[in-house]
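See structure below.
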């Protein structure tokens, strides 16, 4: 199904929704890898695609209710849900930073203790000098451990150690839909259109019809079912279920409140096991109150942030392992401290998590699930938009049926058509036209005997029947043009033709019963009868007052036709039928009281309708169609834009190519679509989908900053908006296939995909918490070891003091030892200045494994920060870890796939998720493209069918005194011309039969009727 100008639905079952929307082939996304763990998605086998835009012309989908976030969810998710995920990631980063700061404090305390020990050792003898060097080396290694642990939470993404935040992604989903209504035949359909749109318009098909079971629900497509009030089932086999309100999300142990928590109804673009992707979704707003849909690029950004965190943790693990090796080289006197430090490094490398369950042996993380939110408007029975259009191509307007209190029409025969409440077409090819009309079996009439002579008839083998009433509830067929009267004619005959025949027969009978001398009198009588057969108003009651066109002079255009009082047909080949009807342009048709058709080939049918645009159509009471090719059907509709379409009651389509369907809907800009009661599409190419849906200005979302890192979004220049609800009246979008997740994806993502992200965040949080706990334990052990070392050192001091007091020789020896220590410290200082270490006591740690002395890392005194690498600095900020500077950044590489919820994930894992989300959205574009083509075909067939029906209705009836008549009718509707022939015969005084056929393009409308009456 393709809805909107230039919309193209390329593939079977696709839906292209909105001006310029294009569908592509579905891209199934079975799973995604986050943190080294593969997560299976729901909706992995999309049958088709829903597209609300095109590459470079994406739309936002707004007013999306919060969807379910489970492993099996195929609901669309809104911005507030992704915002909650991002908040959880930021919170996790903050808690991780806080934990690391605590670790840093412990490390600083350890460094302080070691510095004190070094001072004490410096005053010892030469024998203690080696111990001092070992302690200094151990202090440096321990400081490196704290620095690398605090500094490893970075990666390719920008990380702010001052706040502990990590940038998070966001998502936008895109939604797409159409409204439906039922329609009657040209006469009675207009009344029903006034309250319900096009109603009671139903064709027979081998495919099962759609079902709009809920009040104001819409079902478009074969087997589509809209179960609940306000629901929209969009596409072949789509089924809606009850809305599943989602008030909050729990991520990393924290509950987050989401927006759109009270969905009023559901929009479904598929069914369980037959989901569709929604493609070309513009990036939605990511705030706590957002109800916009999220696309794949936004989820990709979130996954990237998670992967970055995993990368940082992997680097930390490597650094801790290196630190453990360095500590192992320490003196045996501090082996206990070295062992504890190694344990600290191992636990840090093994996990930086929290309380979530995680299996490091398998590296698995529980998979998320997603819930999307849908929105919708009015309903009617119909098939999905894709398959319904195929059926309409052969049967006229099909699978387009509104929910009503009156019983539906029944097209029981193959290829039959039933139009109107309670209308029943029983046999193959039958047409039941009008409320309560019922067809019976055809009655072939091969010949008839008149005056004792048998005459053979044409059209003796009728294939089906056209009924405009039922036994006891017959209708007249008026305005039937005179049909051809030949031996082979199958044209319908009007009353005037049968009256003329009857008059001639009666006159001839009188003449023959006398003598030959009465021939002259017979001639006179015949002349009189012919003169009498000339009518003035074509049996129009002028209430005794002669008005314009009394002398049959209202048709001033060449080949024009004017029928009725004051009817004027000034245009060439124009038709004006009715009191005051005016068709003053070439090819125009005006039928009804004061109907005006002033545009070239315009059509105005009904009371006071105006069709002033070229090719415009206004049908109902009253409607205005002023734009070129504009169509207004129903009551009080206005179609002023070129190519605009307004159907229903009090709808307004003012933009070029705009469509307004339902009750008081408004399509106010070029290419805009408003489907449903009170739906409003305010901006160019906007789509308001469902009762009460309102569009607002697109809110471009080009990027998001998560943890100080800016992530660019795809679909960041939305050209228009698709709204499936309004603030406070959001809808869920269900049965969304898993979309591709990549930096360029504009696919919608479903609940299962967001659930995977959330589970990864939960695992990351758990891992971080566990790791910090282990690190804290290791620091406590280290502090104990330092205390023990301090005690041992104090004992050494006591012994030293005793030795100094015993002899001056010992003092001299100690002096020599001190001199040696000074030399060693001087050498150590030289090494520090030219090689690898900068330690500033409790003021912070800087480490550079390849420093030259001029490009050393720097930290601010008292900052408690860590800087690693040449020219790295803390930027004057406290409690941060830096691996570069504002002008020189570094990557953290060789990151293993994350396994815990708080593990960093690498780019491969994020790309896998991105690819999955991106794939699902492509199918949606293909569906919408194909839908557009089918709607265009349906529109032409509908106009041909209406024109053929109107042509049949234009054939006049024969006069009461006539026995046989044939007539010809013509009509035009929406640029489609039709011709009809009819034949009427009074078989007996009480028995009357009619046979009519209308032809337009490939459409054939054939009907026959028989009337028995009593006096």
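In my numbering, the protein residues as written are 86 to 1100.
Even for Gly, the Cβ is constructed at its ideal location relative to N, Cα and C.
> In this structure, does DSSP put residue 1018 in helix, strand or coil?
Replying inline: As a position in the chain shown, residue 1018 is number 933, starting the count at 1. Reduced to three states, the DSSP call for residue 1018 is helix.
> Which one of 720, 1029, 692, 825 has the shortest CA to CA distance from residue 1056?
Replying inline: Against the chain shown, residue 1056 aligns to sequence position 971. The residue with the shortest Cα to Cα distance from residue 1056 is 1029.
> Given that a residue counts as buried once 16 or more other Cβ atoms are within 10 Å of its Cβ, and exposed if not, what is residue 54?
Replying inline: Only positions 86 to 1100 of the chain appear in the structure, and residue 54 is not among them; the question remains open.
>> Looking at the secondary structure, which residues open and close the beta strand (DSSP E) in which residue 1052 lies?
In response: Here residue 1052 refers to the residue found at position 967 of the chain shown. 1049–1058 is the span of the beta strand (DSSP E), which, as asked, contains residue 1052.
>> According to DSSP, residue 1062 sits in a beta bridge with which residue or residues?
In response: Translated into the one-based positions of the chain shown, residue 1062 becomes position 977. Note: residue 1062 sits in a beta bridge opposite 1057.
>> If distances are taken between C-alpha atoms only, which option among 835, 748, 711, 661 comes closest to residue 740?
In response: For the purposes of this step, residue 740 is identified with residue 655 of the chain shown, where counting begins at 1. Of the candidates 835, 748, 711, 661, the one whose C-alpha sits nearest the C-alpha of residue 740 is 711.
> Of the choices 314, 359, 627, 86, whose alpha-carbon is the least far from that of residue 108?
Replying inline: In the chain shown, residue 108 corresponds to position 23, counting from 1. With distances taken between Cα atoms, residue 108 lies closest to 86.
> How big is the Cα-Cα spacing for residue 1044 and residue 1078?
Replying inline: Taking the first residue of the chain shown as position 1, residue 1044 is located at position 959. Taking the first residue of the chain shown as position 1, residue 1078 is located at position 993. Residue 1044 and residue 1078: Cα-Cα distance of roughly 13 Å.
>> I'd like to confirm the pairing. Which residues does DSSP put opposite residue 1088 in its beta bridges?
In response: What you label residue 1088 is simply residue 1003 of the chain shown in a count that begins at 1. Answer is 1085.
> Apart from the five residues just before and just after residue 963, which ones in its own chain have a Cβ nearer than 7 Å to its Cβ?
Replying inline: The residue you call residue 963 lines up with position 878 of the chain shown. So the qualifying residues of the chain are 247, 948, 949, 950.
> In the DSSP assignment, what residue or residues form a beta bridge with residue 760?
Replying inline: The residue labelled residue 760 in the question sits at position 675 within the chain shown. Answer is 746, 774, bridged to residue 760.
> Grouping DSSP H, G and I as helix and E and B as strand, with all else coil, what is residue 1023?
Replying inline: What you label residue 1023 is simply residue 938 of the chain shown in a count that begins at 1. Note: residue 1023 maps to helix in three-state DSSP.
>> Can you look up residue 730 in the DSSP assignment and give me helix, strand or coil?
In response: For the purposes of this step, residue 730 is taken as residue 645 along the chain shown, with counting starting at 1. Reduced to three states, the DSSP call for residue 730 is strand.
> By how many angstroms is the C-alpha of residue 646 removed from the C-alpha of residue 637?
Replying inline: The residue labelled residue 637 in the question sits at position 552 within the chain shown. The residue labelled residue 646 in the question sits at position 561 within the chain shown. So the two alpha carbons sit approximately 9 Å from each other.
> Going by the CB atoms, is the gap between residue 1061 and residue 1038 shorter than 8 Å?
Replying inline: Taking the chain shown and counting its residues from 1, one reaches residue 1038 at position 953. Taking the chain shown and counting its residues from 1, one reaches residue 1061 at position 976. Their beta carbons are not under 8 Å apart, which means residue 1038 does not touch residue 1061 by this criterion.
>> I'd like the list of long-range same chain contacts for residue 625, defined as Cβ closer than 7 Å, with 5 residues on each side in sequence excluded.
In response: Stepping through the chain shown from its first residue, residue 625 is reached at position 540. So the list reads 649, 650, once near-sequence residues are dropped.
> In angstroms, rounded to a whole number, what distance separates the CA positions of residue 763 and residue 643?
Replying inline: In the chain shown, residue 763 corresponds to position 678, counting from 1. In the chain shown, residue 643 corresponds to position 558, counting from 1. C-alpha separation (whole angstroms): 45 Å.
>> Quick check on the DSSP output: the beta strand (DSSP E) that includes residue 796 runs from which residue to which?
In response: Numbered from its first residue, the chain shown carries residue 796 at position 711. Element bounds for residue 796: 794–797.
> Nearest to residue 508 by CA position, among 519, 515, 501, is which residue?
Replying inline: Here residue 508 refers to the residue found at position 423 of the chain shown. Checked all of 519, 515, 501; the closest Cα to residue 508 is 519.
> Between the C-alpha atoms of residue 559 and residue 552, what's the straight-line distance to the nearest angstrom?
Replying inline: The residue given as residue 559 occupies position 474 in the chain shown. The residue given as residue 552 occupies position 467 in the chain shown. Roughly 9 Å between the two C-alpha positions.
> By the 10 Å Cβ neighbour count, where 16 or more other Cβ atoms means buried, how is residue 1097 classified, buried or exposed?
Replying inline: Within the chain shown, numbered from 1, the residue matching residue 1097 stands at position 1012. That one is exposed.
> Between residue 777 and the rest of its own chain, which residues show a CB-CB distance below 6 Å, the 5 nearest in sequence each way excluded?
Replying inline: Locating residue 777 in the chain shown gives position 692, counting from the first residue. These residues qualify, in order along the chain: 763, 811, 814.
> From this set, 373, 714, 973, which residue's C-alpha is nearest residue 346's C-alpha?
Replying inline: Within the chain shown, numbered from 1, the residue matching residue 346 stands at position 261. Ranking 373, 714, 973 by Cα distance to residue 346 puts 373 first.
> Nearest-angstrom Cα distance between residue 670 and residue 521?
Replying inline: Here residue 670 is taken as the residue at index 585 of the chain shown, counted from 1. Here residue 521 is taken as the residue at index 436 of the chain shown, counted from 1. Cα-Cα distance, rounded: 37 Å.
>> Helix, strand or coil for residue 559? Go by DSSP, reduced to three states.
In response: In the chain shown, the residue the question calls residue 559 occupies position 474. Coil.
> Shortest alpha-carbon distance to residue 1059 belongs to which of 701, 131, 680?
Replying inline: What you label residue 1059 is simply residue 974 of the chain shown in a count that begins at 1. Among 701, 131, 680, the Cα nearest to that of residue 1059 belongs to 701.
> Which term fits residue 573, buried or exposed, when burial requires 16 or more other beta carbons within 10 angstroms of its beta carbon?
Replying inline: Within the chain shown, residue 573 is the residue found at index 488, counting from 1. Exposed, by the Cβ-count rule.
> When you compare only the Cα positions, how much space is there between residue 208 and residue 941?
Replying inline: What you label residue 208 is simply residue 123 of the chain shown in a count that begins at 1. What you label residue 941 is simply residue 856 of the chain shown in a count that begins at 1. Bear in mind that the predicted position of residue 208 carries a pLDDT of just 47, short of 50, making it too unreliable to give a figure here.
> Since residue 769 contacts residue 755 with CB under 8 Å, what's their CB separation in whole angstroms?
Replying inline: Translated into positions along the chain shown, residue 769 becomes position 684. Translated into positions along the chain shown, residue 755 becomes position 670. Right, their Cβ atoms sit about 5 Å apart.
> Do residue 312 and residue 326 have their CB atoms nearer than 8 Å?
Replying inline: As a first step, residue 312 must be located in the chain shown, where it is residue number 227. As a first step, residue 326 must be located in the chain shown, where it is residue number 241. Yes, these two residues count as a Cβ contact at 8 Å.
> Applying the criterion that 16 or more other CB atoms from any shown protein chain within 10 Å of the CB defines a buried residue, is residue 707 buried or exposed?
Replying inline: As a working mapping, residue 707 is identified with position 622 in the chain shown. Residue 707 should be labelled buried.
> Ordered along the chain, which non-local residues of its own chain (more than five positions away) have a Cβ less than 8 Å from that of residue 332?
Replying inline: Here residue 332 refers to the residue found at position 247 when the chain shown is read from its first residue. These residues qualify, in order along the chain: 151, 342, 343, 346.
>> If you measure between the beta carbons of residue 1050 and residue 1022, is that distance less than 8 Å?
In response: Stepping through the chain shown from its first residue, residue 1050 is reached at position 965. Stepping through the chain shown from its first residue, residue 1022 is reached at position 937. No, Cβ-Cβ distance for residue 1050 and residue 1022 is not below 8 Å.
> What are the boundary residues of the beta strand (DSSP E) that includes residue 821?
Replying inline: Position 736 of the chain shown, counted from the first residue, corresponds to residue 821. Note, residue 821: premise wrong, no beta strand (DSSP E); not H, not E.
> Across which residues does DSSP place residue 86 in a beta bridge pair?
Replying inline: Sequence index remark: in the chain shown, residue 86 carries index 1 (1-based). Answer is none; residue 86 lacks a bridge partner.
> So who's on the other strand from residue 1071, going by DSSP bridges?
Replying inline: Your numbering for residue 1071 matches position 986 in the chain shown. BP columns for residue 1071 point to 1077.
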